[in-house]
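What follows is one structure encoded as structure tokens, with my remarks underneath.
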Amino acid sequence: MKIVRVALPVPLPRLFDYLIPDDMSLEIGARVLVPFGRQKKVAIVVQLPETTAIPKEKLKEIIAPLDTTSLFSSVTWDWLIWAANYYQGALGEVLFQALPVKLRNGESAVKNDRTFWRITEEGKNALCNDELKRSKKQAEALRYLSEKDLEKGEGDFSPSVWSALKRKHFVQEIAVQEEAKSWQAVLGNTPLVNVDNRLTLNKQQALAFSRLMFQREFNVWLLEGVTGSGKTEIYLQYIEEILKSGKQVLVLVPEIGLTPQTVQRFKARFNVEIDVLHSHLNDTQRLNVWLRAKNGQSAVVIGTRSALFTQFANLGAIILDEEQDSSFKQQDGWRYHARDLAIVLAQKLNIPMLMGSATPSLESLNNVKNGKYQHLILSKRAGNAAALRQFVIDLKNQPVQQGLSQPLLARMKNHLKKGNQVLLFLNRRGFAPVLLCHECGWIAQCPHCEKPYTYHQHQRVLRCHHCGSQKTIPRQCGDCGSTHLVTTGLGTEQLEDTLKAQFPAYSVARIDRDSTSRKGSLESYLENIQQGKSQILIGTQMLAKGHHFPNVTLVALVNVDSALFSLDFRAEERLAQLYVQVAGRSGRAEKQGEVVLQTHYPDHPLLTTLLAEGYPAFAEETLSLRHRMGLPPFSFQALFKAQARLSEQAEECLFRIADFFHTKNIEGLQILGPMPAPLSKKAGQFRWQLLLQHPSRQALQRVLREYQQANLEKNSQVRLILDVDPQDFS
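As structure tokens, then:
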């Protein structure tokens, strides 16, 4: 019997040895089924060692091989090993994260038949005879199928609709065996692009594009372009050149940037297979995209963070839009940063990496300064869009109605009278942040997090935006019994009600996570906005990026003051980025755009620099301040987070870890904590943090590896997380 060393999807920094028959041949990167305790688990072959430290008689034999070849290319394998080492993740967790769920569960990695719904003769008769007039969704599904078949899992129809139609014999399932043709073979003699949709580049765009075309090997390009400057057009023409060379392209966008508008623009330009990976796909659809890209059937894959792990037959470039967006950082499991990991992948593949942003992260701007990235600048809006007019409204001593000042209301009336649209930005869902007792000051708090519930009037519930728990609205105070309960603070629901009362002649659309939770609801809202059916738009961060609203001429940020005094050193950077992104929704066509910012602190240095000199000046000042304070990007951090039912358990765990690092006596290593997390309790768990900071990335990595190798005793009552290059300190 031979030895095989495998990784399992468990959060343990170790590998496991098993036996295989002498005549069995396995490749590194292939999957096997193994016994693990009383369970059977899928594992990935990592090594084929000659010897093992465990007596052979104690080793178990694998149950079965699942693949004949590796699921990973050699470059991808090296990249994932690097990622596990850098982010201090368990190798098993990292490798399994890189696979679609169906492959993690042991299903075949060979492309299966695709299954479609097809209307039957009985279904056609039922449609003709109007037999489903009481079942509108079923009738709608049949009408769709009367035009063409629909792949299972696609379309806006629930499983219950298909089950009902199948029971009535109105539809049938058809398996279609798909030949794995490359995207070039499918394209044939059809033109690659629809040239009617291609725009002529202006001078700045043309200069940036020509520099991009000059180098086809590994390079990191930072395309910094003001909102509306035409970055997407450069992406599209760049993709065209990569596709002409017969290679594939990966486009990464933040979750909120993956809008129907974005996808449609790509699909309208190219006559090739474009796949989209997002959170609404089911496991079968995700596997199909992964297999199509791996087999060379997909020309372009557009996706969010996890799309980075898609395998490609011949990847030619990676494009990452909104590179500063914090959603590129994974916040559970092993905490990788998709932007940074994509750069390493591009380097290993020796292909170019193009990143775009109107407001680049300070890390990326510092890398430009250091010569690590190439800088492309678009300082002018594309087309005939005029420069934005900016106004600050000082809220001090100003009569305010539900967060709206009189000068803002007057500006809104002026823009609406001209037939334009207005966007109000408030990054707080719900009706009001707090429900309190007017008699004694009691506040309705989540018992699991010890933070105030958010009051949702439309759904008549109190909901915790930290852990998701909810309860019905109480009729009386939890302390004194008074029925005089009032709300304080402003949320999007309350703003919606206020605006409906203030502007009864105009339609108000609220777009936040609550109002768009149903499938297809976001698309419906956006269509109404484009058609001018909604004149006043209320949005959270969902509306800040990736949307083109040509008739929006006024954008107002209702309340930004809380971000001016945050403990998080990145809060001001994020506020500046948010301001520029939100302001960019105004005046994107030929109409003059205005942006209004309401604040009690109009003289705050961030606001004065940002409004007078723009984001580049703000970034320069903030980088200088970070340098003086020794903060990232001039130092590197690792954050230990401990969670436990008892506060002392989490605290003790981190004190032991802190003691380990103190004994190392490493010059330049700052050890901050342990200390309670800013959100000190969440979902019934007490949360503590320990922060390490060092001016050298290599030195910090070395000491973290020493910590991992020391294998300190763990308390099973404590959940411990290590976050390298943390972005979220909450």
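Going by UniProt numbering, the final residue of the sequence shown carries number 730, and the count climbs one at a time with no gaps. No residue lacks a Cβ here, since even glycine has one placed at the ideal position from N, Cα and C.
Query	Result
Residue environment, N629, which counts as buried when at least 16 other CB atoms sit within 10 Å	Sequence check: residue 629 is Met here, not Asn. Burial call: exposed.
Three or more C-beta pairs below 8 Å linking the region 93 to 101 and the region 121 to 136	no
I242: first and last residue of the uninterrupted alpha helix (DSSP H) it sits in	231 to 244
N- and C-terminal bounds of the beta strand (DSSP E) containing A317	315 to 321
Bridge partners - S357, DSSP secondary structure assignment	E224
Which of helix, strand or coil DSSP assigns to M24	coil
Spatially closest choice to F36 from V6, L48, K56, by CA coordinates	V6
Close beta carbons around H662, own chain, < 7 Å, minus the five adjacent residues each side	I671
Continuous alpha helix (DSSP H) stretch holding E594: start and end	Where E594 is concerned, there is no enclosing alpha helix (DSSP H), although the beta strand (DSSP E) it sits in stretches over 594 to 599.
C-alpha distance - Q331 paired with D728, whole-angstrom precision	8 Å
Exposed unless 16 or more other CB atoms sit within 10 angstroms - verdict on C128	exposed
Exposed unless 16 or more other CB atoms sit within 10 angstroms - verdict on T76	buried
Backbone CA spacing between K40 and N105 [nearest angstrom]	11 Å
Pairwise C-alpha distance: Q643 and E652	11 Å
Terminal residues of the alpha helix (DSSP H) in which H662 lies	647 to 664
Burial state of M24 (16 or more Cβ within 10 Å)	exposed
For G303, the nearest candidate out of N551, P474, V276 (CA to CA)	V276
Option in Y144, I318, P616 with minimal Cα separation from R305	I318
Enclosing beta strand (DSSP E) for Q172 [first to last residue]	171 to 176
Burial state of R14, where buried means 16 or more other Cβ atoms lie within 10 Å	exposed
Reference A509, options R38, G481, L95, G539, closest by Cα	G539
Closest by C-alpha distance to A83, when choosing among L625, D479, A338	A338
Element boundaries [beta strand (DSSP E), containing F640]	636 to 644
Bounding residues of the alpha helix (DSSP H) (the contiguous stretch that carries A141)	136 to 147
Close beta carbons around Q701, own chain, < 6 Å, minus the five adjacent residues each side	none
Cα-Cα separation between S716 and K133, rounded to whole angstroms	58 Å
Rounded Cβ spacing between T553 and G614 (contact assumed at less than 8 Å)	Incorrect: roughly 21 Å between the Cβ atoms, too far for contact.
For A83: DSSP bridge partner residues	The partner list for A83 (beta bridge, DSSP) is empty, contrary to what the question assumes.
Buried versus exposed, by CB contacts within 10 Å (16 or more), S405	buried
Run of the alpha helix (DSSP H) containing W334, from where it starts to where it stops	Here W334 belongs to no alpha helix (DSSP H), and DSSP marks it neither H nor E.
Closest by C-alpha distance to Q693, when choosing among Q685, A638, E706	A638
Range covered by the alpha helix (DSSP H) that runs through Q577	571 to 583
V558, DSSP secondary structure in three states	coil
Nearest neighbour of P447, chosen from Q470, G441, K380 [CA to CA]	Q470
Nearest-angstrom Cα separation, counted from F565 out to C437	27 Å
Option in V186, A307, D325, L345 with minimal Cα separation from V272	V186
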